[in-house]
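Asker: Dropping a structure here in structure tokens format, bear with me for questions.
Protein chains: 2
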Amino acid sequence: MCTVYLGLDIGGANLKAVALSYSDGKTRIVGSIRRYHPIWIRGIESLKLELENIKRELVDTSSRYAVGVTMTAELSDIFRTKTEGVETITKLVESIYSDATARYYVTVDGSLVEAEKVLLDPIKVAAANWAASGWLLERECSRLNLGNILFIDIGSTTTTIIPIVNCRVRVRGYTDPEKLVYGELVYTGILRGNVATVVDRVPYKGYYARVSSERFALMGDVHLVLGYISNKEYTTETADGRGTSLEEAVARLSRLPCADQNMLGFREIVEIARYIYEKQIERIFDALMQIRSWLVSQNIDLDTFTVVTAGIGEYLAVEACKRAGFTKAISIDEILSAEIAGVLPAYASALMVAEKISGARRP
Amino acid sequence: MCTVYLGLDIGGANLKAVALSYSDGKTRIVGSIRRYHPIWIRGIESLKLELENIKRELVDTSSRYAVGVTMTAELSDIFRTKTEGVETITKLVESIYSDATARYYVTVDGSLVEAEKVLLDPIKVAAANWAASGWLLERECSRLNLGNILFIDIGSTTTTIIPIVNCRVRVRGYTDPEKLVYGELVYTGILRGNVATVVDRVPYKGYYARVSSERFALMGDVHLVLGYISNKEYTTETADGRGTSLEEAVARLSRLPCADQNMLGFREIVEIARYIYEKQIERIFDALMQIRSWLVSQNIDLDTFTVVTAGIGEYLAVEACKRAGFTKAISIDEILSAEIAGVLPAYASALMVAEKISGARRP
């Protein structure tokens with residue numbers, strides 16, 4: 053048994069960490085961290101420092117502790133391949149947390165392996181954060197007797213969808229490209245995406261104008277202008293490096309049709325933002341319909357599903373799911389605490405390790 | 053003064069007629085007719101017979117009567133040009149209703165002209181049914197003190213959108229092609245359109261399948277399967293000439309991805325229909341956003357608009373307008389009677405003639 057179980061979710065854009073205490077199947081969160089860390093900007097050295105900081109902040113190394121890791125940062129193009137990314141990150145964790153009782157890595161089939169096995173088959177742990185969430189959702193599904201769940205997590209950058217049937221994860225994709233094929237991953241979120249990857253035209257003074265493909269504006273500008281997020285929630289870099297005030301977001305959006313804030317007024321920009329927002333929902337809707345068409349082809353009754361939404365873009369998920377025909381939706385915050393919900397894969401990773409070490413069985 | 057004012061709305065797919073009595077600015081509907089008449093199938097001879105039937109059914113020729121005509125049937129490809137269509141229809145009306153006190157034709161600028169003028173400039177009366185509706189809406193706008201209206205009429209085949217600012221029609225397009233350019237006409241409705249003109253793919257067993265471009269299924273099949281219309285409301289021809297039962301609609305939709313009812317179950321077809329329905333709303337949304345972007349560029353406050361919905365596809369209009377950011381919507385049925393709403397341009401044409409002949413001024 054350990055005093056603390058540390059869960060790490062090492063993403064390309066965000067680092068999340070949770071320290072859990074665990075006894076008799078009961079958990080308590082000792083501390084959690086959520087830190088914006090764009091690895092393609094800050095680099096490996098900075099990741100090393102941050103992982104050291106997390107250890108210092110969350111772990112009392114005079115007691116026994118164990119670590120559970122899930123990662124997606126290996127997708128970053130600072131690594132030549134995913135394998136290189138997984139290896140680099142794993143070695144970093146192994147070295148920084150060498151004094152831990154155990155270090156486990158979550159695989160895409162929802163189990164835990166040690167570093168030795170990771171290095172034999174690195175792809176098995178690449179982009180496995182969804183599998184950690186899925187593992188936790190299976191438990192919650194059973195606990196709450198929900199039967200079938202459609203889990204949808206919309207973050208700053210991507211949307212993850214996990215169908216859970218009879219309280220078992222029922223995905224078709226296990227790697228990122230597979231998930232992109234099956235609609236279980238949609239590369240759209242509410243902060244970081246280049247708007248020009250979501251729309252190819254915008255309404256402009258009674259016409260539609262094609263858009264520049266430059267990285268002039270990001271989805272955060274759209275959600276800010278429409279009032280869905282505050283500028284404090286706009287935590288990522290902006291496209292032009294300027295601030296996150298309404299005026300600055302408006303200026304960035306005005307560049308989409310190669311105009312500027314002198315050519316387009318605030319109210320005109322709101323209409324452009326409204327259009328983009330709608331097209332973003334459609335992308336998620338399209339993925340949901342693909343998944344529904346699969347589930348229904350397997351004779352699974354779609355009317356029995358409860359949608360569980362998560363992430364800072366939950367409000368998008370609610371709307372997209374409604375359009376797709378789901379009638380019941382709850383937020384993960386209503387099932388777990390908001391603190392857990394904000395660091396879900398990290399929490400799940402820590403809990404997986406706690407149960408493995410304490411010998412608890414899965415329900 | 054006449055005893056009866058007959059309004060005719062001679063469409064390509066539908067004939068609508070209203071007989072009004074009018075005195076001291078008060079109208080009473082004596083009778084109305086709404087008849088499915090696909091001119092490209094039934095031909096000119098049949099149109100002649102139907103116009104004679106309408107006369108017999110609605111007009112007592114022993115009293116004085118006058119006729120107001122609006123048309124869209126000239127668009128049908130049984131005519132080589134719109135001019136040929138307008139001329140043919142006008143001559144038919146002139147001959148059948150030769151005993152009327154007066155025969156007037158509604159122009160795209162909302163005025164009335166006689167046959168002589170029609171023949172000098174036929175395009176002026178082509179596709180002018182929206183202008184008749186617009187004329188009536190200006191009056192209702194003033195009467196109800198609404199200020200700004202966005203009128204949206206979704207019929208069996210097309211969607212017409214008319215912005216009304218300070219109770220005056222404020223369109224940019226006056227001909228069909230102009231309206232298609234400006235988003236004031238969207239060639240989509242809830243019965244007749246070929247589904248393959250709305251979507252180019254459908255969700256199929258967990259994938260997206262491209263669709264056949266054959267006229268295998270019509271929008272009526274989609275709305276029937278989703279329960280938005282009953283099979284009695286499915287008044288137009290079906291794609292395969294079979295009936296309008298749920299089973300027959302399902303069979304037609306199954307052909308979109310070149311499958312059949314043995315390969316796709318009912319629940320799978322529902323998901324396909326849901327997808328198509330959503331894409332249809334998006335088409336209307338896109339047009340609305342174009343119009344909004346124009347209005348806002350003219351410094352017109354979009355928040356002051358009341359949406360007025362009309363047509364058998366009103367429910368689509370409500371959803372599309374909500375997405376486009378309009379917050380107030382009422383049905384034309386709440387302003388006028390449902391009987392009038394069902395034959396709006398015909399009613400408006402009759403009223404225009406009544407007021408012209410009785411010398412009443414426009415408000």
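So the protein lines, in turn, are chains H and U.
Going by the working numbering, the first residue of the first sequence is number 53, and it counts up by one from there.
Going by the working numbering, the first residue of the second sequence is number 53, and it counts up by one from there.
A virtual CB, placed ideally from N, CA and C, is assigned to each residue, including glycine.
(1) How far does the alpha helix (DSSP H) with K408 (chain H) in it extend, from its first residue to its last?
(2) Verify the CB distance criterion: does Q332 (chain U) have a CB-CB separation below 7 Å to chain H?
(3) Would you please verify whether the beta carbon of G199 (chain H) is less than 7 Å from any beta carbon of chain U?
(4) Going along the chain, which residues of the region 344–362 of chain H sit with their C-beta nearer than 9 Å to a C-beta in chain U?
(5) Is I204 (chain H) closer than 7 Å to A69 (chain H) when the C-beta atoms are compared?
(6) Out of U:E386, U:K257, U:K408, U:T210, point me to the one whose CA is closest to G235 (chain U)'s CA.
(7) In terms of alpha-carbon separation, which member of H:S297, H:D292, H:T296, H:R319 lies closest to R307 (chain H)?
(8) Taking Cβ positions only, does Y327 (chain H) come closer than 7 Å to chain U?
(9) Look up R414 (chain U) in the DSSP assignment and say whether it is helix, strand or coil.
(10) Name the chain H residues that come within less than 7 Å of F203 (chain U), Cβ to Cβ?
(11) I need the straight-line Cα distance from E300 (chain H) to E371 (chain H), nearest angstrom please.
(12) Any residues in the region 377–390 of chain H with a beta carbon nearer than 7 Å to a beta carbon of chain U? Which ones, in chain order?
(13) Taking the runs of the alpha helix (DSSP H) that are 4 residues or longer, which of them lie wholly in the region 90–114 of chain H?
(14) Taking the alpha-carbon positions, what's the Y256 (chain U) to S163 (chain U) distance?
(15) Give the residues of chain H in contact with K257 (chain U), contact being defined as C-beta atoms less than 8 Å apart.
(16) Run the CB neighbour count on L237 (chain U), radius 10 Å, all protein chains shown included, and call it buried at 16 or more, exposed below.
(17) Between the region 103–118 of chain H and the region 145–158 of chain H, are three or more C-beta pairs nearer than 8 Å?
(18) For chain U, find out if any of its Cβ atoms is closer than 7 Å to the Cβ of Q313 (chain H); answer yes or no.
(19) Need the endpoints of the beta strand (DSSP E) that T212 (chain U) sits in, please.
(20) With DSSP run on the structure shown, which of helix, strand or coil describes F268 (chain U)?
(21) Taking G83 (chain U) as part of the alpha helix (DSSP H), name the residues at either end of that continuous run.
(22) How many Å lie between I387 (chain U) and V251 (chain H) at the Cα?
(23) Report the three-state DSSP secondary structure of E168 (chain H) (helix, strand or coil).
(24) Rounded to whole angstroms, what's the CA-CA distance from S75 (chain H) to S389 (chain H)? Just pull it up for me.
(25) Which runs of the alpha helix (DSSP H) fall wholly inside the region 174–208 of chain H and span at least 4 residues, in chain order?
(26) N197 (chain U): buried (16+ other C-beta within 10 angstroms of its C-beta) or exposed?
(27) Entirely within the region 308–387 of chain U and at least 3 residues each: give me those beta strand (DSSP E) ranges in chain order.
(28) Could you check where the alpha helix (DSSP H) with Y234 (chain H) kicks off and where it finishes?
(29) In this structure, does DSSP put A390 (chain U) in helix, strand or coil?
(30) Do you know offhand how far L396 (chain U)'s Cα is from G77 (chain U)'s?
(31) Only counting the same chain, and skipping five residues up and downstream in sequence, which positions put a Cβ closer than 6 Å to that of I93 (chain H)?
(32) Quick one: residues in its chain with C-beta nearer than 6 Å to the C-beta of Y226 (chain U), no 5 flanking neighbours on either side, listed in chain order?
(33) Applying the criterion that 16 or more other CB atoms from any shown protein chain within 10 Å of the CB defines a buried residue, is N66 (chain H) buried or exposed?
(34) Which residue's Cα is closest to the Cα of E366 (chain U): U:G241, U:I343, U:L60, U:E289?
(35) Within a Cβ cutoff of 6 Å, which residues of the same chain sit near C219 (chain H), ignoring the five residues on either side of it in sequence?
(36) Using a Cβ cut-off of 7 Å (strictly closer), state whether R375 (chain H) contacts chain U.
Answerer: So, from the listed chains and residues:
(1) As a working mapping, residue 408 (chain H) is identified with position 356 in the first sequence. Where K408 (chain H) is concerned, the enclosing alpha helix (DSSP H) starts and stops at 396–410.
(2) Translated into the one-based positions of the second sequence, residue 332 (chain U) becomes position 280. No, Q332 (chain U) does not count as interfacial toward chain H.
(3) As a position in the first sequence, residue 199 (chain H) is number 147, starting the count at 1. Residue contact check for G199 (chain H) against chain U: no CB pair falls below 7 Å.
(4) If you check each beta-carbon in the region 344–362 of chain H against every beta-carbon of chain U, the ones closer than 9 Å belong to R344, S345, W346, L347, V348, S349, Q350, N351, D353, L354.
(5) Residue numbering aside, residue 69 (chain H) sits at position 17 when the first sequence is read from its first letter. Residue numbering aside, residue 204 (chain H) sits at position 152 when the first sequence is read from its first letter. The answer is no: Cβ separation not under 7 Å.
(6) Your numbering for residue 235 (chain U) matches position 183 in the second sequence. Of U:E386, U:K257, U:K408, U:T210, the residue nearest in Cα terms is U:T210.
(7) Here residue 307 (chain H) is taken as the residue at index 255 of the first sequence, counted from 1. Selected option, being the one with the closest Cα: H:D292.
(8) Here residue 327 (chain H) refers to the residue found at position 275 of the first sequence. Output row for Y327 (chain H): interface = yes.
(9) Indexing the second sequence from 1 puts residue 414 (chain U) at position 362. At R414 (chain U) the pLDDT is 48, less than 50, meaning the model places this residue with poor confidence and gives no usable figure here.
(10) Along the second sequence, one-based indexing puts residue 203 (chain U) at 151. Correct list: empty, because the minimum Cβ distance to chain H is about 17 Å.
(11) Counting from one through the first sequence, the residue named residue 300 (chain H) turns up at place 248. Counting from one through the first sequence, the residue named residue 371 (chain H) turns up at place 319. Looking at the two C-alpha atoms, the distance is approximately 27 Å.
(12) Cβ contacts with chain U come from G377.
(13) Within the region 90–114 of chain H, the runs of alpha helix (DSSP H) at least 4 residues long that lie entirely inside it are, in chain order, 91–110.
(14) On the second sequence, residue 256 (chain U) is found 204 positions in, with the first residue counted as 1. On the second sequence, residue 163 (chain U) is found 111 positions in, with the first residue counted as 1. Each residue's alpha carbon lies about 51 Å from the other.
(15) One-based indexing of the second sequence puts residue 257 (chain U) at position 205. Under the 8 Å cutoff, chain H gives S345, W346, S349.
(16) As a first step, residue 237 (chain U) must be located in the second sequence, where it is residue number 185. By the neighbour-count criterion, in which a residue is buried when 16 or more other Cβ atoms sit within 10 angstroms of its Cβ, L237 (chain U) is buried.
(17) A contact exists between the region 103–118 of chain H and the region 145–158 of chain H.
(18) Walking along the first sequence from the start, residue 313 (chain H) turns up at place 261. No, its Cβ sits nowhere closer than 7 Å to a Cβ of chain U.
(19) Within the second sequence, numbered from 1, the residue matching residue 212 (chain U) stands at position 160. 211–217 is the span of the beta strand (DSSP E), which, as asked, contains T212 (chain U).
(20) For the purposes of this step, residue 268 (chain U) is taken as residue 216 along the second sequence, with counting starting at 1. In the structure shown, the three-state DSSP call for F268 (chain U) is coil.
(21) Taking the second sequence and counting its residues from 1, the one referred to as residue 83 (chain U) is at position 31. Not the alpha helix (DSSP H): G83 (chain U) falls in the beta strand (DSSP E), residues 78–88.
(22) Along the second sequence, read from residue 1 onward, the residue named residue 387 (chain U) stands at position 335. Along the first sequence, read from residue 1 onward, the residue named residue 251 (chain H) stands at position 199. Rounded to whole angstroms, I387 (chain U) to V251 (chain H) spans 38 Å at the Cα level.
(23) Start at 1 with the first residue of the first sequence, and residue 168 (chain H) comes out as number 116. Helix.
(24) Counting from one through the first sequence, the residue named residue 75 (chain H) turns up at place 23. Counting from one through the first sequence, the residue named residue 389 (chain H) turns up at place 337. Those two C-alpha atoms are separated by around 19 Å.
(25) Listed in chain order, the complete alpha helix (DSSP H) runs (minimum 4 residues) inside the region 174–208 of chain H are 181–195.
(26) Taking the first residue of the second sequence as position 1, residue 197 (chain U) is located at position 145. Counting of Cβ neighbours within 10 angstroms places N197 (chain U) among the exposed residues, the total staying below 16.
(27) Segments of the beta strand (DSSP E) lying fully in the region 308–387 of chain U: 357–362, 380–383.
(28) As a first step, residue 234 (chain H) is located in the first sequence; it is residue number 182 there, counting from the start. Y234 (chain H) -> alpha helix (DSSP H) spans 228–234.
(29) Here the question's residue 390 (chain U) lines up with position 338 in the second sequence. Assigned with DSSP and collapsed to three states, A390 (chain U) falls in helix.
(30) Within the second sequence, residue 396 (chain U) is the residue found at index 344, counting from 1. Within the second sequence, residue 77 (chain U) is the residue found at index 25, counting from 1. L396 (chain U) and G77 (chain U) have their C-alpha atoms spaced approximately 18 Å apart.
(31) In the first sequence, the residue the question calls residue 93 (chain H) occupies position 41. Cβ within range, chain order: n/a, list empty.
(32) Along the second sequence, one-based indexing puts residue 226 (chain U) at 174. Only V160 meet the Cβ criterion.
(33) Counted from its first residue, the first sequence places residue 66 (chain H) at position 14. By the neighbour-count rule (16 or more Cβ atoms within 10 Å), N66 (chain H) is buried.
(34) Translated into the one-based positions of the second sequence, residue 366 (chain U) becomes position 314. Checked all of U:G241, U:I343, U:L60, U:E289; the closest Cα to E366 (chain U) is U:G241.
(35) The residue you call residue 219 (chain H) lines up with position 167 of the first sequence. Cβ within range, chain order: E190, C193, S194.
(36) Counted from its first residue, the first sequence places residue 375 (chain H) at position 323. At least one beta carbon of chain U lies nearer than 7 Å to the beta carbon of R375 (chain H).
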